[in-house]
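Per the UniProt record's numbering, residue 1 is the first one in the sequence shown, and the count goes up by one each step. Notes to accompany the following structure.
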Amino acid sequence: MNSSECFIQSVEEIITSTQARISIAVEIDEQRIIEKDSDREYLSASLIKIPIMMEAYRQSELGTICLTDLIEIKDFQKVGGSGVLHSLTGGTQLSIKDLITLMIIVSDNTATNIMIELLGKDNINQFCRDIGAHHTKVERKLMDEQAKAKGYENITTASDMICLLKELDQNEFLSKNSTLDILKCLSAQQFRHKLPGLMDQDLMKIANKTGEMEGIEHDVAIIHYGGKKAYIAVLIDQLEQNFLGQVSIAKIGESVYEYLLKQK
1 MNSSECFIQS VEEIITSTQA RISIAVEIDE QRIIEKDSDR EYLSASLIKI PIMMEAYRQS
61 ELGTICLTDL IEIKDFQKVG GSGVLHSLTG GTQLSIKDLI TLMIIVSDNT ATNIMIELLG
121 KDNINQFCRD IGAHHTKVER KLMDEQAKAK GYENITTASD MICLLKELDQ NEFLSKNSTL
181 DILKCLSAQQ FRHKLPGLMD QDLMKIANKT GEMEGIEHDV AIIHYGGKKA YIAVLIDQLE
241 QNFLGQVSIA KIGESVYEYL LKQK
């Protein structure tokens, strides 16, 4: 078998061995190498923070918001889950850009909810439609149990995530300066235990965003190495143990890593 066939086989074996529902899309140099159920909808968990960030930069370009403006974090806005803002004293002021950074690199839920309120759910969803991520939508803030009980959920797909990641290189809807800022933020990601977990992270240039809830593990990434560029999205739900999903995603990342090494 050639390297592409070996790569596909290794990923298919990981998919088969994963005792859960899994969707995947891997695109390398404009070629969709692997695709399985990439249009299947999943609860997005923190992956929804990617289009929120992108819409923030779009509104910044339009002059609707200014990324340097300061916002006071009020106690009633704080929510639990991932992040640090809920642990800080009330009255803390941060720039919109700093809120975006916290939303991405430590997946801060409080920062995310403030951004949803600032930008507007409808505007975020319109951006997703405009860019071609038709299955991705924001219906509620994070940790909003009342909205969840009413059936409101944030949704995405593996294919939509690839679409969003590719915009960061194509610049059809956002300026080069904006996408460079976004990529810099994703590259500062603190959660590197999934797709990048078994890669040599000093060798690869990695920009990623994870998502997780009970029974759900996601990760999406852009990987650069040796002139090659890979877009990867792996979404998993119906896990009995979240750790098993993390292991499967890390193994898929390792397969991509080994494939890229052979292509140089």
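We treat Cβ as the ideally placed atom computed from N, Cα and C, and that holds for glycine.
Next item on the list: Can you give me the start and stop residues for the beta strand (DSSP E) that Ser187 sits inside?
Entry: As a working note, residue 187 is residue 187 in the sequence shown. Run containing Ser187: none in the beta strand (DSSP E); it sits in the alpha helix (DSSP H), Lys176 to Ser187.
Item checked: Contact under 7 Å by Cβ, Ala56 with Ile162 -> If you number the sequence shown from 1, residue 56 lands on position 56. If you number the sequence shown from 1, residue 162 lands on position 162. Not a contact, by the Cβ cut-off of 7 Å.
Next item on the list: Work out the CA separation of Gly151 and Ser10 for me, nearest whole Å.
Entry: Numbered from its first residue, the sequence shown carries residue 10 at position 10. Numbered from its first residue, the sequence shown carries residue 151 at position 151. Looking at the backbone, the Cα of Ser10 and that of Gly151 are separated by about 38 Å.
Item checked: Which of helix, strand or coil DSSP assigns to Tyr259 -> Reading the sequence shown from its first residue, position 259 is the one you call residue 259. In the displayed model, Tyr259 falls within a helix according to three-state DSSP.
Next item on the list: In angstroms with no decimal places, state the Cα-to-Cα distance between Leu43 and Leu195.
Entry: Position 43 of the sequence shown, counted from the first residue, corresponds to residue 43. Position 195 of the sequence shown, counted from the first residue, corresponds to residue 195. So the two alpha carbons sit approximately 19 Å from each other.
Checklist line | Glu12 - containing alpha helix (DSSP H), residue span | finding: Taking the first residue of the sequence shown as position 1, residue 12 is located at position 12. In the DSSP assignment, Glu12 falls within the alpha helix (DSSP H) that extends over Ser3 to Ser17.
Notebook entry, point to check: Taking C-beta to C-beta, are Lys137 and Ile155 nearer than 7 Å?
Noted result: Reading the sequence shown from its first residue, position 137 is the one you call residue 137. Reading the sequence shown from its first residue, position 155 is the one you call residue 155. Contact: yes.
Notebook entry, point to check: Under 7 Å between the Cβ atoms of Asp108 and Leu85?
Noted result: The sequence position of residue 108 within the sequence shown is 108, counting from 1. The sequence position of residue 85 within the sequence shown is 85, counting from 1. In contact: Asp108 and Leu85 (Cβ atoms closer than 7 Å).
Next item on the list: From the DSSP output, read off the bridge partner residues of Val138.
Entry: Taking the sequence shown and counting its residues from 1, the one referred to as residue 138 is at position 138. Beta-bridge pairing links Val138 to no other residue.
Checklist line | For His86, three-class secondary structure by DSSP | finding: If you number the sequence shown from 1, residue 86 lands on position 86. In this structure, DSSP gives His86 a helical state, which the three-state scheme calls helix.
Next item on the list: Report the option in Glu258, Glu254, Phe243 and Cys6 whose CA atom is closest to the CA atom of Ala20.
Entry: In the sequence shown, residue 20 corresponds to position 20, counting from 1. Of the candidates Glu258, Glu254, Phe243 and Cys6, the one whose C-alpha sits nearest the C-alpha of Ala20 is Phe243.
Item checked: Counterpart residues of His218 in DSSP-defined beta bridges -> Position 218 of the sequence shown, counting from 1, holds the residue named residue 218. Gly211 and Leu235, per the DSSP bridge assignment.
Next item on the list: Tell me whether the beta-carbon of Ile105 lies closer than 7 Å to the beta-carbon of Gln190.
Entry: Within the sequence shown, numbered from 1, the residue matching residue 105 stands at position 105. Within the sequence shown, numbered from 1, the residue matching residue 190 stands at position 190. Yes, they are a contact pair.
Check: Hey, Phe7 and Arg58 are a contact pair by Cβ (cut 8 Å); roughly how many whole angstroms apart?
Finding: Within the sequence shown, numbered from 1, the residue matching residue 7 stands at position 7. Within the sequence shown, numbered from 1, the residue matching residue 58 stands at position 58. So it is not a contact: roughly 35 Å between Cβ atoms.
Next item on the list: Would you grab the beta carbon distance between Ser23 and Leu67 for me? Rounded to a whole angstrom, and I think it's under 8 Å.
Entry: In the sequence shown, residue 23 corresponds to position 23, counting from 1. In the sequence shown, residue 67 corresponds to position 67, counting from 1. Rounded, the Cβ-Cβ distance is 33 Å, inconsistent with contact.
Check: When we look at the beta-carbon of Gly253 and count the other beta-carbons within 10 Å, is it buried (16 or more) or exposed?
Finding: In the sequence shown, residue 253 corresponds to position 253, counting from 1. Counting Cβ neighbours within 10 Å, Gly253 comes out buried, since at least 16 surround it.
Checklist line | Check whether residue 277 and Ala250 have beta carbons under 7 Å apart | finding: There is simply no residue 277 to check, as the chain begins at 1 and stops at 264 in what is shown.
Notebook entry, point to check: Between which two residues does the alpha helix (DSSP H) carrying Ile131 extend?
Noted result: The residue given as residue 131 occupies position 131 in the sequence shown. From DSSP, the alpha helix (DSSP H) with Ile131 extends over Lys121 to Ile131.
Check: Does the stretch 198-215 come within contact of the stretch 111-130, defined as at least 3 CB pairs closer than 8 Å?
Finding: No: fewer than three Cβ pairs fall under 8 Å.
Next item on the list: Measure the Cβ-Cβ separation of Leu180 and Ala133 and say whether it is below 7 Å.
Entry: Within the sequence shown, numbered from 1, the residue matching residue 180 stands at position 180. Within the sequence shown, numbered from 1, the residue matching residue 133 stands at position 133. It is not a contact, given that the beta carbons lie outside the stated cut-off.
Next item on the list: Ignoring anything shorter than 4 residues or poking outside the stretch 42-115, list the alpha helix (DSSP H) runs there in chain order.
Entry: Entirely contained in the stretch 42-115, the alpha helix (DSSP H) runs reaching 4 residues are, in chain order, 49-62 and 96-105.
Next item on the list: Assuming Ile223 and Ile206 form a contact by the criterion Cβ under 8 Å, report the distance between their Cβ atoms to the nearest whole angstrom.
Entry: Indexing the sequence shown from 1 puts residue 223 at position 223. Indexing the sequence shown from 1 puts residue 206 at position 206. Taking C-beta atoms under 8 Å as the contact rule, Ile223 and Ile206 qualify, at a distance of about 6 Å.
Notebook entry, point to check: Using the rule of at least 16 other Cβ atoms within 10 Å of the residue's Cβ for burial, across every protein chain shown, is Met1 buried or exposed?
Noted result: For the purposes of this step, residue 1 is taken as the residue at position 1 of the sequence shown. Met1 comes out exposed.
Item checked: Same chain only: Cβ atoms within 7 Å of Asp37, ignoring 5 sequence neighbours per side -> What you label residue 37 is simply residue 37 of the sequence shown in a count that begins at 1. Spatial neighbours of Asp37 in its own chain (CB-CB distance under 7 Å, excluding positions within 5 residues in sequence) are listed in chain order as Ser23.
Note to self: Could you tell me the alpha carbon to alpha carbon distance between Lys97 and Lys176, rounded to whole angstroms?
What the structure shows: Residue numbering aside, residue 97 sits at position 97 when the sequence shown is read from its first letter. Residue numbering aside, residue 176 sits at position 176 when the sequence shown is read from its first letter. Between the alpha carbons of Lys97 and Lys176 lies a distance of about 17 Å.
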